[in-house]
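Each remark here refers to the structure printed beneath this line.
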Amino acid sequence: MASTIDQLKSEGNALFGQKQYEAALEKYGEAINLDDRNAILYSNRAACQLALADYTKAMEDAEHALKLDPVYSKAWARLASAQGSLNLLPHAIKSWQSAIDSLPKKDLKPADVKQRTQYLDSLEAMKLRERIATQEKLHLSVPHRPSNGGKKLSWDRAQELLPELRKAGKMRSSAWVLAVADEQYSKGARVLKQVVQTGDPKGPEYFGVLKEMSNAVLQDKRCFRIDGNDWFDKWNWQMKLEALRFRTPNPDAPLKEVDDHMQNLLAEGGWDLARPSIEFLVRFLFMKAVLDGDSKLDNKASLETYDQVLAILHWGRERWSDVPATDRGVVFDDTFVRGVRSMRIHEHMRAWELDNDSKLYTLDGLLEEANSIIDEIQNSPRENVGTPFDMAHYDYIEGKAIALKGFYYREAPFHKKMTDKVEIEDFYDRSFKYYLEAADKFPEDDEYHIVWLNNALDVLTSGGTTLRQCMPIFNRIRSALPEVTKIWDDLLTTPDQNKNIVPTLLAIVEAEEKIAAGSLTLDSYIVPERFLEGKFGLYRGSRPYENPLSSGR
0 MASTIDQLKS EGNALFGQKQ YEAALEKYGE AINLDDRNAI LYSNRAACQL
50 ALADYTKAME DAEHALKLDP VYSKAWARLA SAQGSLNLLP HAIKSWQSAI
100 DSLPKKDLKP ADVKQRTQYL DSLEAMKLRE RIATQEKLHL SVPHRPSNGG
150 KKLSWDRAQE LLPELRKAGK MRSSAWVLAV ADEQYSKGAR VLKQVVQTGD
200 PKGPEYFGVL KEMSNAVLQD KRCFRIDGND WFDKWNWQMK LEALRFRTPN
250 PDAPLKEVDD HMQNLLAEGG WDLARPSIEF LVRFLFMKAV LDGDSKLDNK
300 ASLETYDQVL AILHWGRERW SDVPATDRGV VFDDTFVRGV RSMRIHEHMR
350 AWELDNDSKL YTLDGLLEEA NSIIDEIQNS PRENVGTPFD MAHYDYIEGK
400 AIALKGFYYR EAPFHKKMTD KVEIEDFYDR SFKYYLEAAD KFPEDDEYHI
450 VWLNNALDVL TSGGTTLRQC MPIFNRIRSA LPEVTKIWDD LLTTPDQNKN
500 IVPTLLAIVE AEEKIAAGSL TLDSYIVPER FLEGKFGLYR GSRPYENPLS
550 SGR
């Protein structure tokens, strides 16, 4: 009888390998009728049930196998896969952990190491699914205001990570960049909260709000927040007081009047009097552009103000080209000007997205400015490489500009109505490569590292591609996610579709589960939603369609 059972099992294994799952199911069933105490047979039949998407029966067979052999790791893994497919996430997490615990601990063979890695990855993917499901159930959202019910925000988590990073000697972390920005912003915010809109401020401690907050936004705009319903009232009052204190020219004045005003201040008190005045004007207009774009959602006003700032900066750098930087002020330094340009170019992109036919803010103009910023950075001397300031004003700005090149080459084929297949493929390949390059400009714990990888993946799959080609990026995203969410936890719940990586994370889980179940292979094609009538699909077998925009990278 044993030989018959072994024969049926071997036939079942061969059929399973040929993806003839129903036939394999019958063979394992026949063997079980002859030996209902064999855990391997029940586990193998569970694998067939998984491949056939009969998850309830798969779970029953896997549980039966575990009653016979409680430390059979493959049975635990198949039970976990079935539970995950039935959305029994807490049970699936426990089962994956049991599968890992049941693996050999000593004298591991390469196959054992590989299996352990696969199980660990599946466990992490299941934990991610549970986390996403929990957040969706609780309707969590990105807190744009500090009224967060005690929830720690990104800058809080960044500050808490610093001792650990310092101890490990790890400087390349987004926590350092954000923490510096938060310290600057908080310093200005503390003063702003003390503002009372009567009389004049007393003492120098009431000044410098604009300088601290504008420096913070240039360091990392993600530190920006509006504290309280009276924030704008206090801000406007404080700006009036500081403008009077620094004898700032009218922000709406033409450059000729600004020039005359500055010459009068220089004649009266030299650079000690003139420098604070022009710096306040530049910083005030810069923050106005930020607030117009982000808080008032007035894209046109924001761009006009950015252009006004850059016009003043260009004028000042030419007017006082022979004046030492310490005299004329840091706002005319390359890093400050480049920071303003970086902020403006993203507003330019938003303007184009709102109006693709705009003659003022074009897609080609976006590419030209991105290339200009990149060229400037790559040809500029750098000091104190790796510091938070250096990362923010060189790596981050370059990375964002490179990502905008990825954006350009992704959007241009459609909006330029390209028809040449080779040219289209070349544009998509460039977009893919630029997004990957942009991701590498950011520390692996920065949300933008994952966002740009996700954009690269979107480009890669835009014409349909195999899971084999996607897996390296899948693995990079999964590898970075634990570190990213230590700081940027809101990445998983953000309503910002430009940062929404949840569909990709769920696709990774889906792909791995189906690969494990045998219903997909690494050579299966992944096809994006927009090409399949709203249905996001993971498909096995040959390519299900021919997209004229892709030659199948």
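Residue numbers (numbering that gives the first Met the number 0): 0 to 552. Backbone N, C-alpha and C fix where the C-beta goes; we use that ideal spot for every residue, glycine too. Since we're looking at a predicted model, the values are computed, not measured.
Residue j beta carbon less than 9 Å from that of residue i
i    : j    : result
A391 : A437 : no
F473 : T503 : yes
A252 : F283 : no
L65  : R36  : no
Y524 : T484 : no
R477 : A157 : no
E346 : S294 : no
K151 : E159 : yes
D219 : L254 : no
C469 : L490 : no
V458 : F431 : yes
A30  : L14  : no
P442 : S94  : no
S84  : A38  : no
Y360 : K404 : no
T3   : L40  : no
R340 : I373 : no
I92  : L122 : yes
G338 : Y20  : no
D522 : E482 : no
Q558 : A510 : Residue numbering for the chain in the displayed model covers 0 to 552; residue 558 lies beyond these limits and cannot be assessed.
E129 : P89  : yes
K440 : E375 : no
Nearest neighbour of residue i, chosen from the options [CA to CA]
i    : options                : result
S153 : A516, S518, D488, M261 : D488
L480 : V501, T465, K415       : V501
K126 : I507, S518, T520       : I507
S97  : D155, H448, D522, E62  : E62
L240 : F206, M261, D232       : F206
P387 : A188, Q117, K420, W175 : W175
L435 : T418, R475, D155, K420 : R475
G187 : R477, N12, D155, R224  : R224
L264 : R246, L254, P250, D522 : R246
P250 : Q307, Y433, R316       : Q307
R44  : V322, G28, M342, I449  : G28
D574 : L78, H313, V179        : The shown model of the chain, from 0 to 552, leaves out residue 574, and the question about it has no answer.
Y395 : L122, K105, R171, K113 : R171
L362 : I372, R349, D374       : R349
D232 : R244, K210, K192       : K192
L78  : E512, D445, S518       : E512
R189 : L161, D226, K169, K220 : D226
V216 : R343, A13, S42, D60    : R343
V336 : L33, A310, M238        : A310
W270 : E256, A324, N298, P109 : A324
V281 : G315, E446, E256       : G315
N378 : L365, Y393, A110, K420 : Y393
E59  : N12, K18, A81, E368    : A81
E553 : K399, A52, L87         : Absent from the structure is residue 553, since the part of the chain shown begins at 0 and ends at 552.
D333 : E382, Y360, S84        : E382
L577 : T55, T116, Y118        : The chain is shown from 0 up to 552; residue 577 falls before or after that span and cannot be answered.
**Item:** Uninterrupted beta strand (DSSP E) stretches inside the region 53-141 (no shorter than 3 residues)
**Value:** none
**Item:** beta strand (DSSP E) runs wholly inside the region 210-287, at least 3 long, in chain order
**Value:** With a minimum length of 3 residues, no continuous beta strand (DSSP E) run stays inside the region 210-287.
**Asked** Which runs of the beta strand (DSSP E) fall wholly inside the region 325-386 and span at least 3 residues, in chain order?
**Response** none
**Message:** Check whether the region 177-185 and the region 346-361 are in contact - that is, three or more C-beta pairs closer than 8 Å.
**Reply:** no
**Prompt:** Using 8 Å as the Cβ pair cut-off and three pairs as the minimum, do the region 316-334 and the region 275-290 touch?
**Reply:** yes
**the region 21-33 touching the region 44-54, judged by at least three CB pairs closer than 8 Å** = yes
**Asked** Are the region 422-437 and the region 402-414 touching, with three or more C-beta to C-beta distances below 8 Å?
**Response** yes
**Message:** Using a Cβ distance threshold of 8 Å, determine whether the region 284-301 contacts the region 255-266, with at least three qualifying pairs required.
**Reply:** Verdict: no, contact absent.
**Asked** Are three or more beta carbon pairs between the region 66-76 and the region 90-105 nearer than 8 Å?
**Response** yes
**Request:** Would you mind listing the alpha helix (DSSP H) stretches within the region 388-451 that are 4+ residues and don't spill past its ends, in chain order?
**Result:** 395-414, 420-439
**Prompt:** With a cut-off of 8 Å, do at least 3 Cβ pairs link the region 206-217 to the region 416-423?
**Reply:** no
**Item:** Every unbroken alpha helix (DSSP H) inside the region 295-319 [4 residues or more]
**Value:** As far as the region 295-319 is concerned, its whole alpha helix (DSSP H) runs of at least 4 residues are 298-318.
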